Amino acid sequence: MSAFELLPPAASTMAGRVDTIFLTLSALCGFVALAIAVLIVVFAIRYREGASVDRSNPPTRNRALEIGWIVVPLVIFAGIFLWAGADYAELRRQPADAMPIFVVAKQWMWKLEHEGGRREINELHVPVGRPVRLVMTSEDVIHSFFVPAFRIKQDVVPGRYSSLWFTATGPGNYHLFCAEYCGSQHAAMGGRIVAMAPADFARWLESGGPTSGIAARGFALFRRYGCSGCHDPRSTVHAPDLAGLLGRSVHLADGRSLVADEAYIRDSVLLPNRDVVAGFEPIMPSFVGQIAEDELMAIIEYIRSMPGA
Ligand code: CUA
Numbered sequence: 007m008s009a010f011e012l013l014p015p016a017a018s019t020m021a022g023r024v025d026t027i028f029l030t031l032s033a034l035c036g037f038v039a040l041a042i043a044v045l046i047v048v049f050a051i052r053y054r055e056g057a058s059v060d061r062s063n064p065p066t067r068n069r070a071l072e073i074g075w076i077v078v079p080l081v082i083f084a085g086i087f088l089w090a091g092a093d094y095a096e097l098r099r100q101p102a103d104a105m106p107i108f109v110v111a112k113q114w115m116w117k118l119e120h121e122g123g124r125r126e127i128n129e130l131h132v133p134v135g136r137p138v139r140l141v142m143t144s145e146d147v148i149h150s151f152f153v154p155a156f157r158i159k160q161d162v163v164p165g166r167y168s169s170l171w172f173t174a175t176g177p178g179n180y181h182l183f184c185a186e187y188c189g190s191q192h193a194a195m196g197g198r199i200v201a202m203a204p205a206d207f208a209r210w211l212e213s214g215g216p217t218s219g220i221a222a223r224g225f226a227l228f229r230r231y232g233c234s235g236c237h238d239p240r241s242t243v244h245a246p247d248l249a250g251l252l253g254r255s256v257h258l259a260d261g262r263s264l265v266a267d268e269a270y271i272r273d274s275v276l277l278p279n280r281d282v283v284a285g286f287e288p289i290m291p292s293f294v295g296q297i298a299e300d301e302l303m304a305i306i307e308y309i310r311s312m313p314g315a
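When we follow our numbering, the leftmost residue of the sequence shown carries the number 7, and every step to the right adds one.
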């Protein structure tokens, strides 16, 4: 490792692309700044008071120059916009086969839970070479999940889900920071991402001992909160069937339609009258204030595990 490093290690599939844009913009800005600085010095010397230069008949227009300084920057900046926009869209487009990890931020720690129910605090183990998708929310204030080595950062906001994905490219330990000032211990709210070879990761997952699984916990909660009373297909109450819901397109009573994701399910539990499914009455009660964030995530995982219809 060198003593001076311009950039943190690049350890995700997006890191190289983000760096390329960053370095290109830096080079472009540096070139323009240098050119202007050099011209200022040259003109200051050449046209200083008393210098013997021809000051008669200065040019008043130069069409080629005017068109040039409009068109050239336009093409360059529009090109940068398209290039960066394509990379940004790539960062938003989550691979369908990504491994979900649930993240709950609170003052001042990161609580993470794997699909199988294994839980971690301020540390996240992931396999190298496999897309990982984070579904994140906060219990209190706004935090921000920031992993410089992966070039990813996303605000984690109370009351909603935000998501983020990455594929780690090399084994190692990478810093995890909270990048949003969230109170007196903000600076201490961090941890690490441990990227492991897939076989090591599988061994690590197993070493956690038998866990009941996040979906199993969700099933217990599904019954405890009474969801099963209406959403069970055998129920006499007419409520939407939840099997195979995640990723399915849903038609709403007001004519809109959307694709059901984790955020949609969360909203449906807390704000059931906002997105009523077409053909159903708005009779579901809200669970605001009754259900904890990690319980909601477990219920969502249980719904994902339901055998598809
Ligand atoms: Cu959490 Cu800053």
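C-beta atoms are modelled at their ideal positions from N, C-alpha and C, and glycine is treated no differently. All values reported here derive from a predicted model rather than from experimental measurement.
Relative to the C-alpha of His-149, which candidate in Arg-157, Ser-168, Val-132 has its C-alpha closest? The residue with the shortest Cα to Cα distance from His-149 is Ser-168.
Which of helix, strand or coil does DSSP assign to Met-303? Note: Met-303 maps to helix in three-state DSSP.
Would DSSP call Ala-298 helix, strand or coil? In the structure shown, Ala-298 sits in coil (DSSP, three-state: anything other than H, G, I, E or B).
Any heavy atom of ligand 1 within a distance shorter than 7 Å of the CB on Glu-186? For ligand 1, a non-hydrogen atom lies closer than 7 Å to the CB of Glu-186.
Counting only the same chain and skipping the five closest in sequence on each side, list residues whose C-beta sits under 6 Å from that of Ala-269. For Ala-269, where only same-chain residues beyond five positions count, the Cβ hits under 6 Å are Tyr-167.
Which residue's Cα is closest to the Cα of Gly-224: Arg-136, Glu-126, Glu-299? It is Glu-299 whose Cα lies nearest to the Cα of Gly-224.
Measure the C-alpha to C-alpha separation of Arg-310 and Trp-114 and round it to an integer number of angstroms. Between Arg-310 and Trp-114, the C-alpha separation is close to 30 Å.
Ends of the beta strand (DSSP E) at Ile-199? Where Ile-199 is concerned, the enclosing beta strand (DSSP E) stretches over 196-202.
Burial state of Gln-160 (16 or more Cβ within 10 Å): That one is buried.
Check Thr-26 in the structure and name its three-state DSSP category. In the structure shown, Thr-26 sits in a helix (DSSP, three-state: H, G or I).
Can you look up Val-275 in the DSSP assignment and give me helix, strand or coil? Helix.
Beta-ladder partner(s) of Asn-128, from DSSP: Bridge partners of Asn-128: none, in fact.
What do you reckon, is the C-beta of Val-256 under 7 Å from a heavy atom of ligand 2? Only ligand 1 can be found as ligands here, which leaves ligand 2 out of the picture.
Just checking: is the beta-carbon of Val-147 within a distance shorter than 8 Å of some beta-carbon in chain C? Given the protein chain composition of this structure (a single chain), no chain C is represented.
Residue interval of the beta strand (DSSP E) (run including Cys-184): Segment 178-184, the beta strand (DSSP E) holding Cys-184.
Met-312 - partner residues in DSSP beta bridges: None, per the DSSP bridge assignment.
Consider the C-beta atom of Ala-194 and the heavy atoms of ligand 1; say whether any pair is separated by less than 7 Å. At a cut-off of 7 Å, the beta-carbon of Ala-194 does not count as near ligand 1: no heavy atom of the ligand is closer than that.
beta-carbon Trp-114 near ligand 1 non-hydrogen atom, thresh 7 Å: Flag set: Cβ of Trp-114 near ligand 1.
How far does the alpha helix (DSSP H) with Trp-114 in it reach, from first residue to last? Note, Trp-114: premise wrong, no alpha helix (DSSP H); not H, not E.
Under 8 Å by Cβ, that's how I've got Gln-191 and Arg-139 pegged, so tell me the actual separation to the nearest angstrom. Contact doesn't hold; Cβ gap of about 28 Å is too wide.
Please look up how many angstroms separate the CB atoms of Thr-30 and Thr-173, rounded, as I've assumed it's under 8 Å. The distance from the Cβ of Thr-30 to that of Thr-173 is about 23 Å, inconsistent with a contact at the 8 Å cut-off.
List the whole-angstrom C-beta distance separating Phe-293 from Val-275, where the pair is believed to meet the contact cut-off of C-beta under 8 Å. Indeed they touch by this definition, with Cβ atoms about 5 Å apart.
Let me know the secondary structure DSSP gives Ile-51 once reduced to three states. In the three-state reduction of the DSSP assignment, Ile-51 falls in the helix class.
Taking C-beta to C-beta, are Gly-197 and Trp-75 nearer than 8 Å? No, Cβ-Cβ distance for Gly-197 and Trp-75 is not below 8 Å.
With burial defined as no fewer than 16 other Cβ atoms inside 10 Å of the residue's Cβ, what is the status of Ile-271: buried or exposed? Ile-271 comes out buried.
Ordered along the chain, which non-local residues of its own chain (more than five positions away) have a Cβ less than 6 Å from that of Met-7? In this prediction, Met-7 scores a pLDDT of 48, lower than 50, which makes its location untrustworthy; no coordinate-derived value is stated.
Endpoints, the alpha helix (DSSP H) within which Pro-79 is located: Pro-79 -> alpha helix (DSSP H) spans 69-98.
N-terminal and C-terminal residue of the alpha helix (DSSP H) that Phe-156 is part of: Counted as a single uninterrupted DSSP element, the stretch harbouring Phe-156 is not any alpha helix (DSSP H), since DSSP gives it neither H nor E.
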